Amino acid sequence: MKLLLRRDQKSGMLGVGKITFTLAVRAELTDEEKNNIRKYKLGDEVLYSRGEFKEKSNVYANFASIIAFRMLNLSISVDDLEKGKRVDCKDIVEMLAVEEQIKEAAQTFKAVLEAAASFGGEEVIELK
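Using our numbering, the first residue of the sequence shown is number 648, and each one after it goes up by one.
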């Protein structure tokens, strides 16, 4: 698996206003990795999530909270990583933090894929 990251920025409307920093992330997967993702149904696994959902006691308020959460917050699943996803950040510090968290999550997921590839086989570990 290869993780591809692209940093960019965009100005506010008409070139005036706050700059938004964007991080585009995508994974290049081998055919074996793609097969294991489908075989073990790992596509919906969330690798990164920003924000949290706070449940309300009122059903209508809860529905509104879910809509707001989905609009304002972000999650990246294995399928998103395979297709590619863009993350908008308010500043460079946030973008770097998101980038680091995605790198760590991708590294952990790579270990999961390596373990999935070894099922049904044997691993020999030489101890010293």
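All C-beta atoms, glycine included, are put in the ideal place defined by N, C-alpha and C. From a predicted model like this one, the values you see are computed outputs, not experimental measurements.
Output needed for Arg653: all residues of its chain with C-beta closer than 6 Å, excluding positions within five of it in sequence on either side, in chain order. Ala671
Could you check what DSSP says for Glu675 in three-state terms: helix, strand or coil? strand
Of the listed residues Gly664, Glu692 and Leu728, nearest to Glu675 (C-alpha basis): Leu728
Does the pairing of the segment 677–691 with the segment 738–750 give three or more beta-carbon distances under 8 Å? Output reads no: the segment 738–750 does not touch the segment 677–691.
Assigned secondary structure, Ala715 (DSSP; H/G/I helix, E/B strand, else coil): Bear in mind that the predicted position of Ala715 carries a pLDDT of just 47, short of 50, making it unreliable; the figure below should be weighed with that in mind. The answer is helix: DSSP assigns Ala715 an H, G or I state.
I need the straight-line Cα distance from Arg733 to Leu651, nearest angstrom please. 12 Å
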